[in-house]
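Working notes, beginning with the structure itself.
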Amino acid sequence: KHLHVLPAVVVLFLDLEWNDPQWPERQVHCANLLQELRNNLQDRNTRIALVLLQKNTPQEDLLASERAASLTNACGITNKMMFILPHNDHLMGYILRLESAFLEMAQTYYATMSKTIRSHREQLATPSHVTLRIRHQFKLGFVAEMRSDFSTALKHYSQAYATLDDIKITDQNCLEIKTVAGFLNYKICRLMFKLNIPRDSINQFMTHIEKYKEQIGYKDLIFEHYAWLSMQNSTFADLFCEAIKNGLPALQTQHPGIYYHKGSEYIVKRRNAFRVCCSLSPEIGPTTVPISTAFSTITTAQEMERAFNHSAVIIHLLGLAMNQYKQYRCMRFKKKITIEMAKEYHASGDHSKALTYRSIPDICEDT
């Protein structure tokens, strides 16, 4: 919502010269446009700015001063909310100053939002408000992240993640807890990479996996658990790749390929677990359960899993892993993954590609 719907700053750009012969009408038009913006924002704290596009460089003259005062008064804004952008050779300099001013307004907006969220803290003191405390810490972390205050954001996300321990995990809420934990872990690891503490990010991820890898939930849906574990690893690999693009050095012993490969292994376990579940369950047929309740049943989850293309995802993740192992010159692991891809293509019925990967010279030499 705050990323794509509710803006921190709204800027109205308007062609208006101080010596416009229709000044009274143009002033009323400008005031109406700003009022329409306020109405659409529904009394939210969004900052509003007005930028006048003018042909000449601003001059200190009586007419300009009088009309500037008249315009701000009619529009209900202050002098700090109105800017002049002249069309001249120094346009870029004016644009950079506008950028700085708008950033300051956005920072003020998020600082105010943070204070509002903090004011709710006393209402969340009772043990029954655990989920609300997690939400509260997440919102504080999100606002800090929007302000580019990454250290503060990391603190709040970490607190939200730790507060999850106060909720008892049951079969009913297991997937929900893991979903929230996975998202918070993503935020934490991403910020640790941004703050140039990659070792902490890797340790956080390993601790996260160790913490939840035995939290399976419903035994009949164990394949969903392996799907979650695969997603955690592939997502962390994506974060690792992003950090490397931003300048983080990687090593043969620690690079994204390790996590892409692990993600593929969990998809294999997901497929095997699903086959076991199907062999222990009655034959799954077309469901006659209404759509509103179908997704809450184990039968429907198994039917959805049946339609999932496990081989395609396994091959995709193996391909990403192989590229990483090749980049970091881990040739033995690259050969291992090539063999795994050949086997997976064979299992999926694509024998020509299986033969292609199995016939790679390096593989033939080793076998």
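Going by mature numbering (1 follows the signal peptide of the UniProt record, and there is no 0), the letters in the sequence shown line up with residues -21 to -1, 1 to 346, in that order. For glycine and all other residues, C-beta sits at the position ideal for the given N, C-alpha and C. These figures come from a predicted structure and were not determined experimentally.
- Taking all protein chains shown into account, do 16 or more other C-beta atoms lie within 10 angstroms of the C-beta of K166, making it buried, or fewer, making it exposed? By one-based count along the sequence shown, residue 166 stands at place 187. Buried, because 16 or more other Cβ atoms sit within 10 Å of the Cβ of K166.
- What residues match up with A28 in a beta bridge as DSSP calls it? Here residue 28 corresponds to residue number 49 of the sequence shown, with the count starting at 1. Partner(s): V(-11).
- Is L170 near E124, with beta carbons less than 9 Å apart? What you label residue 170 is simply residue 191 of the sequence shown in a count that begins at 1. What you label residue 124 is simply residue 145 of the sequence shown in a count that begins at 1. Closer than 9 Å, so yes.
- Going straight from the alpha carbon of S213 to that of L296, what length do you get? Taking the first residue of the sequence shown as 1, we reach residue 213 at position 234. Taking the first residue of the sequence shown as 1, we reach residue 296 at position 317. Whole-angstrom Cα-Cα distance: 8 Å.
- For T232, which option in Y136, Q306 and I156 has the closest C-alpha, if you only look at C-alpha atoms? The residue labelled residue 232 in the question sits at position 253 within the sequence shown. Considering only alpha carbons, the answer is Q306.
- Item | Presumed contact (8 Å Cβ cut-off) between A(-14) and A132, rounded CB distance | The residue given as residue -14 occupies position 8 in the sequence shown. The residue given as residue 132 occupies position 153 in the sequence shown. In fact, because the Cβ distance is near 16 Å, the residues do not count as touching under 8 Å.
- Item | Boundaries of the beta strand (DSSP E) in which P65 is found, first to last residue | As a first step, residue 65 is located in the sequence shown; it is residue number 86 there, counting from the start. Per DSSP, P65 belongs to the beta strand (DSSP E) from M61 to P65.
- Message: Taking the alpha carbon of P235 as the reference point, which residue from V247, L218 and N251 has its own alpha carbon closest?
- Response: For the purposes of this step, residue 235 is taken as the residue at position 256 of the sequence shown. That would be L218, whose Cα lies nearest to the Cα of P235.
- Message: Suppose you measure from the CA of A206 to the CA of I246; what does that come to, to the nearest Å?
- Response: Sequence index remark: in the sequence shown, residue 206 carries index 227 (1-based). Sequence index remark: in the sequence shown, residue 246 carries index 267 (1-based). Between A206 and I246, the C-alpha separation is close to 6 Å.
- Are the segment 47 to 63 and the segment 18 to 30 touching by the rule of at least three beta carbon pairs closer than 8 Å? The segment 47 to 63 vs the segment 18 to 30: in contact.
- Query: Apart from the five residues just before and just after Q194, which ones in its own chain have a Cβ nearer than 8 Å to its Cβ?
  - Reply: Start at 1 with the first residue of the sequence shown, and residue 194 comes out as number 215. Here the set comprises I148, C153, I156, K157 and H204.
- R126 and Y89 look like a contact to me (Cβ under 8 Å); what is the Cβ gap, rounded to whole Å? Along the sequence shown, read from residue 1 onward, the residue named residue 126 stands at position 147. Along the sequence shown, read from residue 1 onward, the residue named residue 89 stands at position 110. The pair is a contact, with the Cβ atoms about 5 Å apart (cut-off 8 Å).
- For the alpha helix (DSSP H) containing F287, list its first residue and its last residue. Along the sequence shown, one-based indexing puts residue 287 at 308. Counting along the chain, F287 falls outside any alpha helix (DSSP H), and DSSP gives it neither H nor E.
- Task: Return the chain-ordered list of same chain residues with a C-beta closer than 8 Å to the C-beta of I188, the five sequence neighbours on each side being excluded.
- Result: Here residue 188 is taken as the residue at index 209 of the sequence shown, counted from 1. Here the set comprises L208, Q211 and N212.
- Item | Status (buried if at least 16 other CB within 10 Å, exposed otherwise) for G72 | Here residue 72 corresponds to residue number 93 of the sequence shown, with the count starting at 1. The residue is exposed, with fewer than 16 neighbouring Cβ atoms inside 10 Å.
- Task: Would you check if the distance between the CB atom of H240 and the CB atom of F312 is smaller than 9 Å?
- Result: On the sequence shown, position 261 is the one that residue 240 refers to. On the sequence shown, position 333 is the one that residue 312 refers to. Going by C-beta atoms, H240 is nearer than 9 Å to F312.
- Alpha carbon of Q14 to alpha carbon of P65, nearest angstrom: Here residue 14 corresponds to residue number 35 of the sequence shown, with the count starting at 1. Here residue 65 corresponds to residue number 86 of the sequence shown, with the count starting at 1. About 25 Å.
- Message: DSSP three-state label for L174, please.
- Response: Numbered from its first residue, the sequence shown carries residue 174 at position 195. DSSP places L174 in coil when its eight states are reduced to three.
- Message: What does the alpha-carbon distance come out to for the pair D(-7) and L174?
- Response: Here residue -7 refers to the residue found at position 15 when the sequence shown is read from its first residue. Here residue 174 refers to the residue found at position 195 when the sequence shown is read from its first residue. So the two alpha carbons sit approximately 43 Å from each other.
- Message: Assuming the contact rule is C-beta atoms closer than 8 Å, A80 and Q116 should be a hit. Round their C-beta distance to whole Å, please.
- Response: Indexing the sequence shown from 1 puts residue 80 at position 101. Indexing the sequence shown from 1 puts residue 116 at position 137. Contact doesn't hold; Cβ gap of about 32 Å is too wide.
- Message: Considering only the alpha carbon of each residue, which of Y238, A141 and C257 lies closest to K198?
- Response: Translated into positions along the sequence shown, residue 198 becomes position 219. That would be C257, whose Cα lies nearest to the Cα of K198.
- Compute the distance between the beta-carbons of V122 and S98, then report whether it is under 9 Å. The residue you call residue 122 lines up with position 143 of the sequence shown. The residue you call residue 98 lines up with position 119 of the sequence shown. Result no, Cβ atoms of V122 and S98 do not sit closer than 9 Å.
- Task: Starting from the C-beta of I223, find all residues in its chain whose C-beta is less than 6 Å away, skip the five residues before and the five after it, and write them out in chain order.
- Result: Working through the sequence shown from its first residue, we reach residue 223 at position 244. Correct list, in chain order: A229.
- Apply the 10 Å Cβ neighbour rule to S338 and answer buried if 16 or more other Cβ atoms are within range, or exposed otherwise. For the purposes of this step, residue 338 is taken as residue 359 along the sequence shown, with counting starting at 1. Exposed: under 16 other Cβ atoms inside 10 Å.
- Query: Could you check where the alpha helix (DSSP H) with E323 kicks off and where it finishes?
  - Reply: If you number the sequence shown from 1, residue 323 lands on position 344. M310 to A326 is the span of the alpha helix (DSSP H), which, as asked, contains E323.
- What is the rounded straight-line gap between the Cα of I277 and the Cα of A252? Within the sequence shown, the letter at position 298 stands for residue 277. Within the sequence shown, the letter at position 273 stands for residue 252. Roughly 14 Å between the two C-alpha positions.
- Alpha-carbon to alpha-carbon, K34 and L(-19): In the sequence shown, the residue the question calls residue -19 occupies position 3. In the sequence shown, the residue the question calls residue 34 occupies position 55. So the alpha carbons of these two residues sit roughly 34 Å apart.
- Helix, strand or coil for H(-20) per DSSP? Position 2 of the sequence shown, counted from the start, is the residue given in the question as residue -20. The answer is coil: DSSP assigns H(-20) none of H, G, I, E or B.
- Message: Going by beta-carbon coordinates alone, are A160 and K190 separated by less than 9 Å?
- Response: The residue labelled residue 160 in the question sits at position 181 within the sequence shown. The residue labelled residue 190 in the question sits at position 211 within the sequence shown. Yes, they are a contact pair.
- Cβ separation of V(-17) and L16, assumed to be a contact under 8 Å, to the nearest whole Å: As a working note, residue -17 is residue 5 in the sequence shown. As a working note, residue 16 is residue 37 in the sequence shown. In fact, because the Cβ distance is near 15 Å, the residues do not count as touching under 8 Å.
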